[in-house]
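Residue numbers for the sequence shown follow the working numbering, beginning at 2 and rising by one. What follows is a single structure, written as structure tokens, with notes after it.
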Amino acid sequence: MSAYFTSLLQYSASRCPGKDGKMKFDSILAEVNGFGKFQIRLVLIQILARVALPCHFLLNNFMAAVPSHHCNISALDDGGIFRNLTLPQKLAVGIPAEQDGTRSSCQMFSKPQYQYLSDSNSSEATSRVQCQNGWVYDNSTFKSTIATEWDLVCSRKGMNRATATIFFAGVMAGAPLFGFLSDRFGRRPLLLVSYLSCLTFAVLSAFSSSYIMFIIMRFFTGLSISGISIIAIVLNVEWFSIDHRTFAGVIISLDWTLGSFFMVAIAYCVTEWRMLILAVSSPLILATIAWRWLPESARWLAANGKADAAHHYIMKCAEMNNTTKRMASITPMTLLESAETETGDKKYTFVDLFRTPNIRKLAICSGIVWYGVAFTYYGISLNISGFGLSPYLTQFIFASTEVPMKIGIYFFLEKVGRRFGQMTALLGTGLCLFINMFVSKDQSAIRTTVAVLGKSMSEASFTIIYLYTTEFYPTVVRQNGLGYTSVLARLGVSISPLIMLLEDVWHLLPAVIYCAAAVCSGLVASLLPETLNSRLPEFIEDIEKPRKQLTRMEETK
């Protein structure tokens, strides 16, 4: 069958009303072209804000980097021999050596041990003490980080790791907050709140005068940026027709890849942590300016009884997509009828995610999958030092693998569907983590190859789950659903960096935990419904009855 004939049949089917004689919103969106200039402009405007997401989510890889360091041994200067020694000699007599021959990062000798200048193996009656006068850092890679600013090393290294946990705790707190508010007051106004608040707290964190002030500002930065994370993708997907939702989800996810490249470039050029925060937050200024051209979700407006406003935006979409001739049969009343239900003016909350059997099962399973996806993804992404390469090169490699992977995901999802794609990505991630447990560290080429493949699979699982979640939750609780799953995801993210501390118990324990999380969540994904070519559910009642699959030539039946 020719592409033209297929398109003609699809257009004819989209104009047919449902069995109740009323057009569904997806049918109305198809009338005005659910993939045209209007949707492309929407995605381009959103890019300005979304590139800031990976910059802040992965900022700790550079802002909190710990350069090589050793104790400040200037206090050992006794005014005699020590003063005339070269730097390597001073380190030899002032810093004890570890078993691998490297100098200790956290200990020093209480007195200069001059016998080591002659390679003497005299009995070590020398007393080792913790660093007494701070540390000396290697500034060749990073001019300054929060670790060097507040000496977050050795006994205080937990405070350094805690900065990532506190940031993601803010993201976790912001997810249900913005999910609830955007379902109540709309996507567009809450996006502006996210832009302005994130920008404000990011600037304040860059000018923090103490560690306490810094972590408080990072918490609120995370809380604010979560609004951008969960609202932007929903606003985009709600404006795309069924045929192009997969494409929309994948294209939107490329914003993250673009942001990752932006992050590497900025971090390479800006090696001072305060300026780095300001630099990676700068796209939000442009996003705030461009906000005036962002449309509200007509789907949300119709579902909330705001027919005139919904019709206004549908008309704008039709004008930009050159489909105004098809608007004759679409009136505000048509939009109200498309969202008609017995629930009336009911306001939905998180509790509604657990009231009835099908949506309760959906909420529980999706929550587990989101936790596993985020837990394993950030377990890999926030531990880039394990490659043995520079953090810039490692991050660049990770970002470079995302583009071909996401292009492949688009075709993969169109053929096999979301559920199988989600399962494959998570189980593949678990398999790569499992394989690397048995590859010795001296086989760096193999470890790096498997790790990059695992990172790609993990990135694929994140790309799929965002699109998947926007499709299986009904419009009236879609933001609540994303908010709820984001809470569980951020819980996983908050815990993930701390798992690496378990290396002290057993060096393979972190890998075992990450692997188990990926495999278990992959198996749970098999319990989720397939949404390929399905009409977006508008109300909870839509998923409590058998889900209706749509073919490419059928959008209303």
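Cβ coordinates follow ideal geometry from the N, Cα and C atoms, glycine included.
Top-ranked residue by Cα proximity to residue i, from the options
i    : options                : result
R479 : T425, T430, F179, P89  : F179
G250 : S522, E472, V488, P498 : E472
I381 : L499, T201, R84        : L499
T272 : H70, T149, Q444        : T149
Q1   : S156, T146, Q116       : No information on residue 1 is available, as it lies outside the stretch 2 to 558 that the chain covers here.
V94  : Q100, L255, I74, G102  : I74
S147 : Y515, D27, I278, F413  : According to the sequence displayed, residue 147 carries Ile and not Ser. The shortest Cα separation from I147 among Y515, D27, I278, F413 belongs to I278.
S462 : E320, L503, A518       : A518
L107 : F220, G175, H71, I243  : Looking at the sequence shown, residue 107 is not Leu but Cys. C107 has its Cα closest to that of H71, out of F220, G175, H71, I243.
C199 : S445, T222, G81, P177  : T222
L197 : R219, S183, I226       : I226
L259 : T324, D443, A50, A311  : A50
L533 : R185, P511, L414       : L414
T162 : I252, F63, I234        : The sequence as given places Arg at residue 162; Thr does not occur at that position. Comparing Cα positions, the closest option is F63.
S69  : S441, K91, Y138        : Y138
T350 : A268, F540, S282       : F540
V264 : Y393, P538, S209, Y117 : Strictly speaking, residue 264 in this sequence is Met, with Val absent from that position. Out of Y393, P538, S209, Y117, Y393 has the C-alpha closest to the C-alpha of M264.
F397 : Y269, K326, L468       : Y269
D543 : P530, K326, P475       : P475
L224 : W240, S210, L191, D244 : L191
W136 : S111, R129, L153, F143 : L153
S141 : T324, V440, V67, C318  : V67
R188 : V370, A304, V172       : A304
D256 : I385, A400, L295       : A400
M334 : A319, N322, A310       : A310
W274 : V204, T87, A452, L86   : V204
A176 : K546, S535, L483       : L483
I290 : Y469, I465, L193, A174 : L193
Host alpha helix (DSSP H) of residue i (start-end)
i    : result
H71  : H71 -> not in any alpha helix (DSSP H); beta strand (DSSP E) instead, spanning 70-72.
V451 : 445-473
V494 : 479-500
R129 : Note, R129: premise wrong, no alpha helix (DSSP H); beta strand (DSSP E) at 129-131.
F376 : 358-382
M173 : 158-186
Q90  : 88-95
N61  : 61-64
S401 : 392-417
I290 : 284-291
G306 : Run containing G306: none; DSSP gives neither H nor E here.
D27  : 26-32
E545 : 542-545
L354 : It is not in any alpha helix (DSSP H) - L354 carries neither H nor E in the DSSP assignment.
A517 : 510-525
Q40  : 38-51
Residue i, enclosing beta strand (DSSP E) - first and last residue
i    : result
F241 : Element bounds for F241: n/a, residue is neither H nor E.
M109 : 108-110
Bridge partners - residue i, DSSP secondary structure assignment
i    : result
V137 : H71
E297 : Paired residues: none, contrary to the question.
R104 : A98
S145 : E273
8 Å contact criterion, which residue i and residue j should meet: CB distance rounded
i    : j    : result
S242 : F36  : 6 Å
S254 : I229 : Incorrect: roughly 14 Å between the Cβ atoms, too far for contact.
V494 : F169 : 4 Å
P97  : F83  : So it is not a contact: roughly 16 Å between Cβ atoms.
S183 : E239 : Not confirmed; about 11 Å, so no contact.
A233 : Q47  : 5 Å
L43  : P296 : 7 Å
Y379 : S497 : 5 Å
query = At a cut of 8 Å, does the segment 366-381 reach the segment 482-501 through at least three beta carbon pairs?
reply = Yes: the two stretches touch, three or more of their Cβ pairs being nearer than 8 Å.
Contact the segment 425-433 vs the segment 456-474: 3+ CB pairs below 8 Å = Touching, yes.
ask   = Between the segment 412-425 and the segment 525-538, do three or more beta carbon pairs fall short of 8 Å?
value = These segments touch.
key: Cβ contact (3+ pairs, closer than 8 Å) linking the segment 504-522 and the segment 433-448   = Yes: the two stretches touch, three or more of their Cβ pairs being nearer than 8 Å.
ask   = Counting pairs of Cβ atoms below 8 Å between the segment 26-35 and the segment 97-106, do you hit three or more?
value = No, the segment 26-35 does not touch the segment 97-106.
request  = Taking 8 Å as the threshold, find out whether the segment 437-450 comes into contact with the segment 346-356 through three or more Cβ pairs.
outcome  = Between the segment 437-450 and the segment 346-356, the count of C-beta pairs closer than 8 Å stays below three; the two stretches do not touch.
ask   = Can you find at least 3 beta carbon pairs, one from the segment 42-58 and one from the segment 283-302, that sit closer than 8 Å?
value = At 8 Å Cβ cutoff, the stretches touch.
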